[in-house]
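**Q** This is the structure I want to talk about, given as structure tokens.
Residue numbers (the working numbering), protein chains in the order written: chain A, 1123 to 1280; chain G, 189 to 750.
What follows is the structure, encoded as structure tokens:
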């Protein structure tokens, strides 16, 4: 998923995604999801192609792209680390796990490590509260974490 | 069909799959083959069994022996002992503390051999979860073999749409997403609404912290949701359905899509269902990370390709919902109840639960409780029975402090209210809510002000920003609680908070802003002492709020001195 592309986006492939969905009702979210899978994030150039292709204003497309937490309008790290700090995780020791993650990665929430490897995010709930505290790295979820085991998880991605 | 001497069921719910269930399953298959038992013993991957804390779990039938925390290395011994020699592998059996009548201590852990004799299951009535952990969720044949799609066949061939609506109305089923609106009434409105195009939407945007029931129902029994949706569509006259699932629920999306494909192949979905002229199709749409999209009109906005901001009601969705058309939107658990109601009748369903809240409810148990996981019980059971009976009580010898019912937007109940019956109306009277069925249990080491700060931060983060009372109110509530944890709040602030909470409840556009003050107000109502200690004495009795004074006793008791 998280491909980081510095070069210009592949406009043809973006257009193809748009064309494939254009006739669907409410196509914007599925289109943005696929474009982000392709590019790694949603750069302005891609949003412009989507707006043009679906006949929507750029402001509307941008408004949607910035509303949802799973959409990114700036490049993200190779791996997004999503950390839950909702009540069930909090009660089961999330604060200690979070402190360990921050120490290990050396960046605050919302930022990407200088080597571009990890983006650290706080999220509301991952829906695996039966095995709290939990963390999601890309699309893999890890549960029943401790400050020690979460470091081991992150090292798998080093 | 081949018959097997024994079935070995491996839980493959999300919670167990985080604990190498797949490796256990692979090892089981290899071991069974290596010993030449492949013709006699079948290894089945099932949905969530419910005992998430004890995972990965393995159940061996026909006896129903439950093994907990099974590792791949346990597998050869398990196969050798149980499947070859017919002896139970004692060290992996489920153990429960057995309370001694009248005493605070227990007689020590007792090993339980089979599923039916465990307290965890004895108190449960499984209607929605009847297939979860029992059948292979990727096999439509197993769903059908267990009575699946019978209700749909009965409805389409022998009932009018109006009769289906009547049956659901008579059952008294109330919406399981949290609001508790009568499902049959909703369908009646949608059925009577004018318009040729109508929609059924399944709300699977489960985002309430502490709630994971919909995920495990989707993973464990996807066909039950499809069958419920087709029945709903038949009842109201819809030809298209959508399931809106959180983008984070990969396994749910995958299993439901496979189930939809299989149902279409077997003409249980798509064109000419059951050989009739009734057509109905289902499409999955995935969310993009916004709690607010669980609110029904925000969900419509998102499905239509917009920002997930709620609409003003009325008009209600049954008149003008998705794409402006009449829409019945139901929660996953509600839809998963429908086929059972149609198959067995409203009278049967009313045999469970209470007069005003018939049937069963799925709860998710989290926090300081022995059996964290997924359960289903009749409505009206007391909180005490759930926590101390089925849930196994509070671990580590600590005492119960409070339970939050209904997820982060629900109220907090102290020990004095442990005997409250769990149904929509009784909980509302106690200042709490049944809500999504999330139960967060906290022991006495936790600070009530600190947890209220976590609740408040959640709403501040998830407010969509459309209306002022919610956008500004959630920010100010968080500011107050955060100040309290730092000893910076004043008694004056308490009055301001109450006034603000009233404003938010009255003036917010949708339930997010209306519910945001609920957890805070309930903790203020039942744990006022602890707030006073933080505000007036600048003291945190549990030692959680660093920077405030802490009694030495609390430090050592809570193990937070280091």
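Cβ coordinates follow ideal geometry from the N, Cα and C atoms, glycine included.
Owing to the predicted nature of the structure, the values given are computational and were not obtained by experimental measurement.
Report yes if the CB atom of residue 444 of chain G is closer than 8 Å to the CB atom of residue 472 of chain G, and no otherwise.
**A** yes
**Q** For residue 736 of chain G, which residues in the same chain have their Cβ closer than 8 Å to its Cβ, ignoring the five residues on either side in sequence?
**A** Beyond the five residues adjoining it in sequence on each side, residue 736 of chain G comes within less than 8 Å, by CB distance, of 673, 674, 675, 722, 726, 727, 728 in the same chain, given in chain order.
**Q** Establish whether the CB of residue 435 of chain G and some CB of chain A are separated by less than 8 Å.
**A** yes
**Q** Whole angstroms is fine: what's the gap from residue 1234 of chain A's alpha carbon to residue 1207 of chain A's?
**A** Cα to Cα, residue 1234 of chain A sits roughly 19 Å from residue 1207 of chain A.
**Q** For residue 240 of chain G and chain A, any beta-carbon pair shorter than 8 Å?
**A** So yes, residue 240 of chain G belongs to the interface.
**Q** Between the alpha carbons of residue 1242 of chain A and residue 1214 of chain A, how many angstroms are there, rounded?
**A** 20 Å
**Q** Return the first residue and the last residue of the beta strand (DSSP E) that residue 566 of chain G is part of.
**A** Taken as a continuous stretch (DSSP letters only), the beta strand (DSSP E) holding residue 566 of chain G covers 561-566.
**Q** Straight-line CA distance for residue 370 of chain G to residue 348 of chain G?
**A** Taking C-alpha positions only, residue 370 of chain G is separated from residue 348 of chain G by approximately 20 Å.
**Q** Rounded to whole angstroms, how far is the Cβ of residue 548 of chain G from the Cβ of residue 567 of chain G, which I believe are closer than 8 Å?
**A** 7 Å
**Q** Which residues mark the beginning and the end of the alpha helix (DSSP H) in which residue 243 of chain G is found?
**A** Premise fails: residue 243 of chain G is in no alpha helix (DSSP H) and is neither H nor E.
**Q** Alpha carbon to alpha carbon, how far is residue 1148 of chain A from residue 1165 of chain A?
**A** 21 Å
**Q** Could you tell me the alpha carbon to alpha carbon distance between residue 536 of chain G and residue 529 of chain G, rounded to whole angstroms?
**A** 8 Å
**Q** How about residue 195 of chain G: is its C-beta nearer than 8 Å to some C-beta of chain A?
**A** no
**Q** Under the assumption that residue 375 of chain G contacts residue 332 of chain G (Cβ atoms under 8 Å), give the Cβ distance between them as a whole number of angstroms.
**A** About 25 Å; that fails the 8 Å criterion.
**Q** Spell out whether any CB of chain A is found under 8 Å from the CB atom of residue 337 of chain G.
**A** no
**Q** Which runs of the beta strand (DSSP E) at least 3 residues long sit entirely within the segment 1220-1265 of chain A? Give them in chain order.
**A** 1240-1245, 1257-1259, 1262-1264
**Q** For the alpha helix (DSSP H) that residue 422 of chain G lies in, which residues bound it at each end?
**A** 410-424
**Q** In chain G, which residues lie less than 7 Å from residue 1149 of chain A when you measure between Cβ atoms?
**A** 493
**Q** How many angstroms separate the CA atom of residue 336 of chain G from the CA atom of residue 1175 of chain A?
**A** 43 Å
**Q** Tell me which residues share the same chain as residue 427 of chain G and place their Cβ nearer than 6 Å to its Cβ, disregarding the 5 neighbours each side in the sequence.
**A** 467, 468
**Q** Determine which residues share a DSSP beta bridge with residue 298 of chain G and list them.
**A** G:284
**Q** For the segment 1153-1228 of chain A, which segments carrying the beta strand (DSSP E) assignment without a break, of at least 3 residues, lie completely within its bounds, in sequence order?
**A** 1201-1206
**Q** DSSP on residue 312 of chain G, reduced to helix/strand/coil?
**A** coil
**Q** Of all the CB atoms in chain A, is at least one closer than 8 Å to the CB of residue 479 of chain G?
**A** It does: the Cβ of residue 479 of chain G has a partner Cβ on chain A nearer than 8 Å.
**Q** In chain order, what residues of the same chain have a beta carbon less than 6 Å from the beta carbon of residue 1265 of chain A, not counting five sequence neighbours either side?
**A** 1250, 1253, 1256
**Q** Please give me, in chain order, every unbroken run of the alpha helix (DSSP H) with length at least 4 that falls completely inside the segment 209-235 of chain G.
**A** Listed in chain order, the complete alpha helix (DSSP H) runs (minimum 4 residues) inside the segment 209-235 of chain G are 209-222.
**Q** Are residue 461 of chain G and residue 520 of chain G close, meaning C-beta to C-beta below 8 Å?
**A** no
**Q** Have a look at the DSSP bridge pairing and note the partners of residue 542 of chain G.
**A** Residue 542 of chain G pairs with nothing; no bridge assigned.
**Q** Flag this pair as yes or no: are the beta carbons of residue 564 of chain G and residue 312 of chain G separated by less than 8 Å?
**A** yes
**Q** Answer yes if the segment 321-328 of chain G comes into contact with the segment 395-415 of chain G, meaning at least three C-beta pairs across the two stretches below 8 Å, and no otherwise.
**A** yes
**Q** Just checking: is the beta-carbon of residue 646 of chain G within a distance shorter than 8 Å of some beta-carbon in chain A?
**A** By this cut-off, residue 646 of chain G is an interface position.
**Q** Just the C-alpha distance for residue 198 of chain G and residue 214 of chain G, rounded to the nearest angstrom, thanks.
**A** 10 Å
**Q** Counting only the same chain and skipping the five closest in sequence on each side, list residues whose C-beta sits under 8 Å from that of residue 679 of chain G.
**A** So the list reads 723, 724, once near-sequence residues are dropped.
**Q** What would DSSP say about residue 719 of chain G, mapped onto helix, strand or coil?
**A** helix
**Q** Relative to the C-alpha of residue 195 of chain G, which residue among G:254, G:244, G:209 is closest?
**A** G:254
**Q** Restricting to Cα atoms, I'd like to know which of G:612, G:601, G:669, G:694 is closest to residue 714 of chain G.
**A** G:601
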